[in-house]
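Asks: Numbering (my numbering), first residue to last: 8 to 393.
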Amino acid sequence: MNKRVLAGGLLILALTLAGAWYAQTNASSKSTTHTYYIAADPVTWDYAPSGMDKITGKPFDSVANFWVESGPTSIGRVYKKALYHEYTDDTFSERKPRPPEWEHLGFLGPLIRATVGDTIRVVFKNNVHFPASLHPHGVFYNKDSEGAPYYDGTEGADKADDGVPTGATHTYGWPVPERAGPAEGDPSSILWMYHSHVAEVNDVNAGLTGPMIITGRGTTNSDGTPKDVDRELIVAFAEFDENESHYLRENIDTYTGMPDSVMIVTGIFGTSAMVPDPGKNFMETMNGLTFGHLPGLTMRQGERVRWYIMASTNFELHAPHWHGNVVTAQHMRTDVAALLPMGMLVADMVPDNPGKWLFHCHVGGHLLAGMQSVYTVEPADGMASQ
Ligand SMILES: [Cu+2]
Numbered sequence: 008m009n010k011r012v013l014a015g016g017l018l019i020l021a022l023t024l025a026g027a028w029y030a031q032t033n034a035s036s037k038s039t040t041h042t043y044y045i046a047a048d049p050v051t052w053d054y055a056p057s058g059m060d061k062i063t064g065k066p067f068d069s070v071a072n073f074w075v076e077s078g079p080t081s082i083g084r085v086y087k088k089a090l091y092h093e094y095t096d097d098t099f100s101e102r103k104p105r106p107p108e109w110e111h112l113g114f115l116g117p118l119i120r121a122t123v124g125d126t127i128r129v130v131f132k133n134n135v136h137f138p139a140s141l142h143p144h145g146v147f148y149n150k151d152s153e154g155a156p157y158y159d160g161t162e163g164a165d166k167a168d169d170g171v172p173t174g175a176t177h178t179y180g181w182p183v184p185e186r187a188g189p190a191e192g193d194p195s196s197i198l199w200m201y202h203s204h205v206a207e208v209n210d211v212n213a214g215l216t217g218p219m220i221i222t223g224r225g226t227t228n229s230d231g232t233p234k235d236v237d238r239e240l241i242v243a244f245a246e247f248d249e250n251e252s253h254y255l256r257e258n259i260d261t262y263t264g265m266p267d268s269v270m271i272v273t274g275i276f277g278t279s280a281m282v283p284d285p286g287k288n289f290m291e292t293m294n295g296l297t298f299g300h301l302p303g304l305t306m307r308q309g310e311r312v313r314w315y316i317m318a319s320t321n322f323e324l325h326a327p328h329w330h331g332n333v334v335t336a337q338h339m340r341t342d343v344a345a346l347l348p349m350g351m352l353v354a355d356m357v358p359d360n361p362g363k364w365l366f367h368c369h370v371g372g373h374l375l376a377g378m379q380s381v382y383t384v385e386p387a388d389g390m391a392s393q
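This is the structure in structure tokens:
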């Protein structure tokens with residue numbers, strides 16, 4: 008072998024090694040920035056849009072009417088609310104359509120998702136009449152992306168996220184470190200949430216809350232879904248205390264027959280209650296819908312189904328109960344989970360029992376007030392029902 012051939016061979020070898028090193032370095036440092044355009048919008052919301060009880064298949068009975076019927080001093084089932092919507096770009100002129108598999112999200116804001124190592128960027132526009140924000144759980148944030156005003160010694164740009172004024176825009180940046188993903192022994196993806204945290208109680212009861220899913224490194228498909236799951240579902244067991252909504256007065260004026268005879272009083276917890284019917288304004292919902300109105304809880308027998316369950320901000324606890332099938336949640340097999348305020352939970356199910364099954368809160372008062380849905384398990388192809 009002459010020197011020229013040897014030198015050429017060494018050069019090719021060096022280039023090959025350099026290429027392999029570059030490819031590997033790039034792969035291991037590969038991270039994605041996910042940008043979302045989300046606005047807070049005023050919305051007219053119907054908690055039971057068909058006007059009948061879809062759990063019984065009959066007209067609302069006298070118990071259900073307590074919550075859904077409007078009258079001289081009661082609002083009924085339609086309220087003005089504030090919801091997060093996703094848009095296609097920073098002009099906020101076109102809503103991004105919600106994919107059919109996420110039809111069941113109901114009142115929830117758009118699903119934000121990322122993998123450990125990624126960064127989430129949310130361009131937020133406030134279209135409601137009160138200051139609003141996005142405060143995330145779990146992911147990393149600096150003081151300019153926390154979305155909560157309190158006496159923390161910051162000033163200037165670090166305050167711009169605290170409460171975005173009506174008509175204004177703010178960009179939140181949330182890196183997703185290892186501690187935002189599944190811990191050892193956790194499922195391959197976990198649930199966090201985001202919500203407005205300016206006047207927190209009033210903001211969330213007005214409707215400003217949404218889900219976030221973080222998957223672990225190396226366990227994610229190109230579309231962001233976890234590799235070991237066939238079907239993902241998110242359900243918020245959400246009590247809305249409409250007495251605490253920013254729109255209470257407006258809802259009284261719009262929807263009651265005798266608004267002048269309805270008073271708002273402030274109690275020891277700063278709670279505004281509507282007199283004479285404060286109880287009628289506690290809406291016990293699943294994703295903002297009551298009495299069987301949550302659509303799209305569908306799956307197939309034998310699929311690996313992951314339920315992400317979350318709660319809301321009031322003095323509430325929930326007991327999500329699945330009929331017909333069981334789940335594994337927090338390393339325990341069960342069919343009733345436990346949720347405290349703003350709780351977040353992952354429950355895995357491999358349904359073996361096809362059919363339409365009740366899925367409801369087992370807290371008696373919540374059940375009576377309509378915190379009930381139905382989920383559907385289609386028979387697997389070629390598998391007989393058992
Ligand atoms: Cu409940």
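Don't be surprised by glycine CBs; every beta carbon is placed ideally from N, CA and C.
Helix or strand or just coil, what does DSSP make of His-111?
Replies: Counting from 1 along the sequence shown, the entry for residue 111 is found at position 104. In this structure, His-111 counts as helix in the three-state DSSP scheme.
Asks: Straight-line CA distance for Leu-365 to Met-378?
Replies: Residue numbering aside, residue 365 sits at position 358 when the sequence shown is read from its first letter. Residue numbering aside, residue 378 sits at position 371 when the sequence shown is read from its first letter. Distance between the alpha carbons of Leu-365 and Met-378 is about 11 Å.
Asks: Where do the N-terminal and C-terminal ends of the alpha helix (DSSP H) with Phe-73 fall, by residue?
Replies: Residue numbering aside, residue 73 sits at position 66 when the sequence shown is read from its first letter. Element bounds for Phe-73: 69-75.
Asks: Evaluate Tyr-179 with the Cβ neighbour count: other Cβ atoms within 10 Å of its Cβ, from every protein chain shown; 16 or more gives buried, anything less gives exposed.
Replies: Here residue 179 refers to the residue found at position 172 of the sequence shown. Buried, since its Cβ has 16 or more Cβ neighbours within 10 Å.
Asks: So is Leu-296 buried or exposed if we call it buried at 16+ other beta carbons inside 10 Å?
Replies: Looking up residue 296 in the sequence shown gives position 289. Classification of Leu-296: buried, given that the 10 Å Cβ count is 16 or more.
Asks: On a CA-only basis, which of Pro-218, Ile-197, Ala-89 and Asn-288 is nearest Val-211? Give me that one, please.
Replies: Here residue 211 refers to the residue found at position 204 when the sequence shown is read from its first residue. Answer by Cα proximity: Ala-89.
Asks: Just checking Phe-244 against ligand 1 - is the residue's beta carbon closer than 8 Å to any of the ligand's heavy atoms?
Replies: Numbered from its first residue, the sequence shown carries residue 244 at position 237. Phe-244 Cβ: within cutoff of ligand 1.
Asks: According to the neighbour-count rule (16 or more other Cβ atoms, all chains shown, within 10 Å of its Cβ), is Thr-216 buried or exposed?
Replies: For the purposes of this step, residue 216 is taken as residue 209 along the sequence shown, with counting starting at 1. Counting Cβ neighbours within 10 Å, Thr-216 comes out buried, since at least 16 surround it.
Asks: Count the other C-beta atoms from every protein chain shown that fall within 10 angstroms of the C-beta of Asp-159, then say buried if there are 16 or more, exposed otherwise.
Replies: Indexing the sequence shown from 1 puts residue 159 at position 152. Looking at its Cβ environment, which holds fewer than 16 other Cβ atoms inside 10 Å, Asp-159 is exposed.
Asks: Ala-175: which of Pro-184, Met-290 and Asn-133 sits nearest, CA to CA?
Replies: Here residue 175 is taken as the residue at index 168 of the sequence shown, counted from 1. Answer by Cα proximity: Asn-133.
Asks: Assuming contact is defined by CB atoms lying nearer than 9 Å, are Pro-327 and His-367 in contact in what I supplied?
Replies: Here the question's residue 327 lines up with position 320 in the sequence shown. Here the question's residue 367 lines up with position 360 in the sequence shown. Their beta carbons are under 9 Å apart, which means Pro-327 touches His-367 by this criterion.
Asks: In the structure shown, what three-state DSSP assignment does Gly-377 receive?
Replies: On the sequence shown, residue 377 is found 370 positions in, with the first residue counted as 1. Reduced to three states, the DSSP call for Gly-377 is coil.
Asks: So, for Asp-68: in the same chain, excluding its five sequence neighbours on each side, which residues have a beta-carbon less than 8 Å away from its beta-carbon?
Replies: Locating residue 68 in the sequence shown gives position 61, counting from the first residue. Hits under 8 Å: Asp-60.
Asks: Say the cut is 8 Å; is the CB of Val-343 nearer than that to a heavy atom of ligand 1?
Replies: Along the sequence shown, one-based indexing puts residue 343 at 336. Not under cutoff, so the answer is no.
Asks: Per DSSP, which residues does Arg-238 bridge with? Please list them.
Replies: On the sequence shown, residue 238 is found 231 positions in, with the first residue counted as 1. Bridge partners of Arg-238: Val-312.
Asks: Along the chain, where does the beta strand (DSSP E) that runs through Glu-207 open and close?
Replies: Position 200 of the sequence shown holds residue 207. Here Glu-207 belongs to no beta strand (DSSP E); instead the alpha helix (DSSP H) covers 207-213.
Asks: Quick one: does the C-beta of Glu-291 sit closer than 8 Å to a heavy atom of ligand 1?
Replies: Stepping through the sequence shown from its first residue, residue 291 is reached at position 284. Glu-291: yes, Cβ under 8 Å from ligand 1.
Asks: I'd like to check one pair, Val-208 with Thr-320: are the Cβ atoms closer than 9 Å?
Replies: Within the sequence shown, the letter at position 313 stands for residue 320. Within the sequence shown, the letter at position 201 stands for residue 208. Contact flag set, yes.
Asks: Grouping DSSP H, G and I as helix and E and B as strand, with all else coil, what is Ala-336?
Replies: Here the question's residue 336 lines up with position 329 in the sequence shown. Of the three classes helix, strand and coil, the one that applies to Ala-336 here is strand, per DSSP.
Asks: Count the other C-beta atoms from every protein chain shown that fall within 10 angstroms of the C-beta of Arg-340, then say buried if there are 16 or more, exposed otherwise.
Replies: Walking along the sequence shown from the start, residue 340 turns up at place 333. Flag for Arg-340 reads exposed.
Asks: With a threshold of 8 Å, establish whether the CB of Met-378 neighbours any heavy atom of ligand 1.
Replies: Mapped onto the sequence shown, residue 378 falls at position 371. At least one heavy atom of ligand 1 lies less than 8 Å from the C-beta of Met-378.
Asks: Going by C-alpha distance, which of Pro-218, Tyr-254 and Thr-226 is nearest Leu-240?
Replies: Along the sequence shown, read from residue 1 onward, the residue named residue 240 stands at position 233. Considering only alpha carbons, the answer is Pro-218.
Asks: Given a threshold of 16 other Cβ atoms within 10 Å of its Cβ, counted over all protein chains shown, does Gln-31 qualify as buried or as exposed?
Replies: What you label residue 31 is simply residue 24 of the sequence shown in a count that begins at 1. Summary for Gln-31: the model assigns pLDDT 45, below 50, so the residue's position carries little reliability; its value from the coordinates is reported in the next sentence. Classification of Gln-31: exposed, given that the 10 Å Cβ count is below 16.
Asks: Gln-337: buried (16+ other C-beta within 10 angstroms of its C-beta) or exposed?
Replies: The sequence position of residue 337 within the sequence shown is 330, counting from 1. Flag for Gln-337 reads exposed.
Asks: Could you say which of Ala-139, Met-290 and Gly-116 lies nearest to Tyr-94 if we only look at CA atoms?
Replies: Along the sequence shown, one-based indexing puts residue 94 at 87. Checked all of Ala-139, Met-290 and Gly-116; the closest Cα to Tyr-94 is Gly-116.
Asks: Label Leu-347 either buried or exposed according to how many other C-beta atoms from any shown protein chain fall within 10 Å of its C-beta, with 16 as the threshold for buried.
Replies: On the sequence shown, residue 347 is found 340 positions in, with the first residue counted as 1. The residue is exposed, with fewer than 16 neighbouring Cβ atoms inside 10 Å.
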